[in-house]
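*Asks:* What follows is a structure written as structure tokens; I'll ask about it next.
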Amino acid sequence: MTRPRSRVYAALFTLLAVALSACAAGGGSGAPARNADGSLDLSDVTLRVGPFQEQTIEAAERSGLFADTPYTIDWSVSVAAGPAMESLNADAIDLVWGLSSTAPEKAQADAATAWTDEDVRFKTVALLEPAFADEYPPAVVAVKKDLPGVNSIADLRGTRVGFNSGGNNHAAFLLALDSAGLSPDDVQGVDVPYKDRPQLLRTGSLDADVNSADGLAAAISDGARVISTSKQFGYPGTTALTARKAVLDDPATAAALEDLVGRITRFHAWWNADLDRSAKLVADFSKIDEKTALTRAKLAGVRVVPVTPQAVAAEQKVIDRLHGVGFTKNQVDIGLVFDDRYNAAIERAARSAK
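Residues -24 to -1, 1 to 330, numbered by mature numbering (1 follows the signal peptide of the UniProt record, and there is no 0), are exactly what the sequence shown covers, in order.
Spelled out as structure tokens, the structure:
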């Protein structure tokens, strides 16, 4: 069951979080209710879920994969990594769908004192890897139309470069500069939400932007030039499903989330299996031509990956490199912000989707 989507951004929920904490998902006391077959009764559970694009909510609803949940989904839109983390910290959202994988890791690494498990307020329960990264890179560096003398990242010295702080885009910005021997001090970094930067690039207010190829599609069509891709500067583009720890600690909400993670896994397999169909959804939602929509559909394609030791080790390698270029204050073991309890659910869902 889904609730009509909220048009209020998830970050705004923080203003009400304290007042609503007693009523948040996972609240209550005593043993959870059970159905006649012994399964947990989830009819009173509401999961507040925040994808990063309203298009995801629309596609999820059209897929039919979320229509019969034994719990309620309350949809909202997460606008950026920073506000999403604020919402998780304030108990204002239960699951962020598509959060930068580096955002929880950065929160841990930037803490004034070393975290224990009791300090953690959120956990990454699955990773989302780009499905078509070789052909459609998750991030590019593009320069504005007719910008002379800039043909590589090394040429960006002294220019105005767009990024936004706190998550994967910030990480991509730092990795891109580092790949050319530059630091943030060598450019004029302009911290602006990712949705606003393509227009600034098109109007010339930015000289360059580190962004998704999807986000920059219109600017590129108008003449902006791509000078480097994520594969060239070592940015994996991994995002995540990140949940409030209180949701994971409550039997009923944890059971509901297990079911939801399985549905999200099947949804992404459904999306990738018929990209022409997915492109039609994109075209209908965004009011764009089908050729551009197909590109965007491929850029949106991800695979849900379980939290395996290998996956965490790969994330550790990236965050360690990012620490070396100033993304984090401390070097930490990021295993603390991962939870592998839904690995089996992800694997079952992936098999059933084939």
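Cβ atoms here follow ideal geometry from the backbone N, Cα and C, with glycine treated the same way.
#1: Which residue comes first and which comes last in the beta strand (DSSP E) that contains asparagine 127?
#2: May I ask you to list the residues that DSSP assigns as paired with residue 333?
#3: Spell out the partners DSSP gives lysine 99 in its beta bridges.
#4: Applying the criterion that 16 or more other CB atoms from any shown protein chain within 10 Å of the CB defines a buried residue, is leucine -5 buried or exposed?
#5: With distance defined between alpha-carbon atoms, name the residue in Asp131, Gly302, Arg272 and Thr218 nearest to alanine 115.
#6: Glutamine 164 by DSSP, collapsed to three states: which one?
#7: Of all the options Asp17, Leu71, Gly40 and Ala60, which has the alpha carbon lying nearest to the alpha carbon of leucine 233?
#8: In chain order, what residues of the same chain have a beta carbon less than 6 angstroms from the beta carbon of serine 328, not counting five sequence neighbours either side?
#9: Per DSSP, which one or two residues make a beta bridge with glutamate 105?
#10: Does the beta-carbon of threonine 218 have 16 or more other beta-carbons within 10 angstroms, so that it is buried, or is it exposed?
#11: Using the Cα positions of threonine 214 and alanine 326, report the straight-line distance between them to the nearest angstrom.
#12: So, phenylalanine 314 versus valine 278, is the Cβ gap smaller than 7 angstroms?
#13: In chain order, which continuous runs of the beta strand (DSSP E) of length 3 or greater are located wholly inside the segment 177 to 263?
#14: Specify, as a first and last residue, the run of the beta strand (DSSP E) that valine 117 falls within.
#15: If alanine 102 sits next to valine 281, beta carbons under 8 angstroms apart, how far is it from one beta carbon to the other, in whole angstroms?
#16: Between the alpha carbons of glycine 210 and aspartate 226, how many angstroms are there, rounded?
#17: With phenylalanine 139 as the anchor, note down where its alpha helix (DSSP H) starts and where it stops.
#18: First and last residue of the alpha helix (DSSP H) that includes leucine 158?
#19: Once DSSP output is grouped into helix, strand and coil, what is the label at arginine 317?
#20: Assuming glycine 300 is part of the alpha helix (DSSP H), what are its boundary residues?
#21: Determine the direct distance from the alpha carbon of glutamine 292 to that of leucine 180, and round the result to whole angstroms.
#22: Would a C-beta distance cut-off of 7 angstroms place alanine 144 and serine 206 closer than the cut-off?
#23: DSSP three-state call for serine 328: helix, strand or coil?
#24: Are there 16 or more other CB atoms within 10 angstroms of the CB of lysine 221, so buried, or fewer, so exposed?
#25: For the 8 angstroms Cβ check, are there 3 or more pairs between the segment 41 to 58 and the segment 153 to 164?
*Replies:* Considering the structure as presented:
#1: Unbroken run through asparagine 127: none, as it is neither H nor E.
#2: Outside the modelled stretch of the chain, which goes from -24 to 330, sits residue 333, for which no answer is possible.
#3: Its beta-bridge partners are Ala219.
#4: At leucine -5 the pLDDT is 40, less than 50, meaning the model places this residue with poor confidence; the figure from the coordinates comes in the next sentence. Counting C-beta atoms within 10 angstroms of its own C-beta, leucine -5 has fewer than 16 neighbours from the protein chains shown and is therefore classed as exposed.
#5: Alanine 115 has its Cα closest to that of Arg272, out of Asp131, Gly302, Arg272 and Thr218.
#6: Residue state for glutamine 164 is assigned as strand, using DSSP reduced to three classes.
#7: Considering only alpha carbons, the answer is Leu71.
#8: Within the same chain, serine 328 has no close Cβ partners at all.
#9: Beta-bridge pairing by DSSP links glutamate 105 to Arg279.
#10: By the C-beta density criterion, threonine 218 is buried, having at least 16 other C-beta atoms within 10 angstroms.
#11: Each residue's Cα considered, the two are about 18 angstroms apart.
#12: Taking 7 angstroms as the Cβ cut-off, phenylalanine 314 and valine 278 do not qualify as a contacting pair.
#13: Counting only runs of 3 or more, we get 184 to 187, 201 to 205 and 215 to 220.
#14: Counted as a single uninterrupted DSSP element, the beta strand (DSSP E) harbouring valine 117 occupies residues 116 to 119.
#15: Yes, alanine 102 and valine 281 are in contact; Cβ-Cβ is about 7 angstroms, under 8 angstroms.
#16: Computed Cα separation, rounded: 38 angstroms.
#17: For phenylalanine 139, no alpha helix (DSSP H) encloses it; the enclosing beta strand (DSSP E) starts and ends at 136 to 139.
#18: That residue, leucine 158, is in no alpha helix (DSSP H); it is neither H nor E in DSSP.
#19: In the structure shown, arginine 317 sits in coil (DSSP, three-state: anything other than H, G, I, E or B).
#20: Segment 285 to 300, the alpha helix (DSSP H) holding glycine 300.
#21: The residue you asked about is not leucine; residue 180 is glycine in the sequence shown. Answer to the nearest angstrom: the Cα atoms are 37 angstroms apart.
#22: Reading the sequence as shown, one finds asparagine at residue 144 and not alanine. Their beta carbons are not under 7 angstroms apart, which means asparagine 144 does not touch serine 206 by this criterion.
#23: Residue state, collapsed to three classes: helix.
#24: Under this definition lysine 221 is a buried residue.
#25: Remark: fewer than three beta-carbon pairs, one from each stretch, lie closer than 8 angstroms, so the segment 41 to 58 and the segment 153 to 164 are not flagged as touching.
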